[in-house]
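S.K.:
Numbering (the working numbering), first residue to last: 18 to 152.
Structure follows, in structure tokens:
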């Protein structure tokens, strides 16, 4: 095979590996909102905020979201990381082009994942206050 043709093909292959890692990155913005708003939010990563809140989180982490507000029942929700549309397309591109190294990079960095649902919308339930019974 002609080396002049082989070099551009190899260069193209190297440039196309890790497509999702390049186009999407290994982190994403995860949004939590609630009804009513101004609830306390704590993620299993240790990040805290008040709804509506935005967090920069690793795409591949499963998150446990704790939401609380005085007068309302606490909520705990697990949000899994799933292969996202853009990440899946980039992974397919890696496999199609033959970039097994790129596929490994995307899987290792978590770039092919995203959290679902995102944004996470939570409706808090009021705590019922017992009414004293008169004798």
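The C-beta atom is built at its ideal place from N, Cα and C for all residues, glycine as well.
#1: Anyone know if the C-beta pair for residue 45 and residue 74 falls short of 8 Å?
#2: I think residue 49 touches residue 136, with their Cβ atoms under 8 Å apart; what is that distance to the nearest whole Å?
#3: Helix, strand or coil for residue 75, going by three-state DSSP, please let me know.
#4: Using the C-alpha atoms, what's the distance from residue 145 back to residue 39?
#5: Give the straight-line distance between the Cα atoms of residue 92 and residue 84, rounded to the nearest whole angstrom.
#6: In this structure, how does DSSP classify residue 86 when only helix, strand and coil are distinguished?
#7: Where does residue 122 sit, in a helix, a strand or coil, going by DSSP?
#8: When DSSP builds the beta bridges, which residues end up paired with residue 48?
#9: Take residue 86 as the anchor and find which of 62, 63 and 57 has the nearest alpha-carbon.
#10: Tell me which residues share the same chain as residue 52 and place their Cβ nearer than 8 Å to its Cβ, disregarding the 5 neighbours each side in the sequence.
#11: Would you kindly report the start and end of the unbroken beta strand (DSSP E) that includes residue 133?
#12: Going by DSSP, what residue range makes up the beta strand (DSSP E) through residue 62?
#13: What did DSSP end up calling residue 146 once you bin it into helix, strand or coil?
#14: What is the DSSP secondary structure of residue 80, reduced to helix, strand or coil?
M.R.: Concretely, from the data shown:
#1: yes
#2: 7 Å
#3: strand
#4: Per-residue confidence for residue 39 stands at a pLDDT of 45, beneath the threshold of 50, marking its modelled position as unreliable; no derived number is given.
#5: 5 Å
#6: coil
#7: With a pLDDT of only 49 at residue 122, under the threshold of 50, the placement of this residue in the model should not be trusted; the figure read from the coordinates follows. In the structure shown, residue 122 sits in a helix (DSSP, three-state: H, G or I).
#8: 71
#9: 57
#10: 138, 139, 140 and 141
#11: 130-133
#12: Neither: residue 62 is in no beta strand (DSSP E) and is coded neither H nor E.
#13: coil
#14: strand
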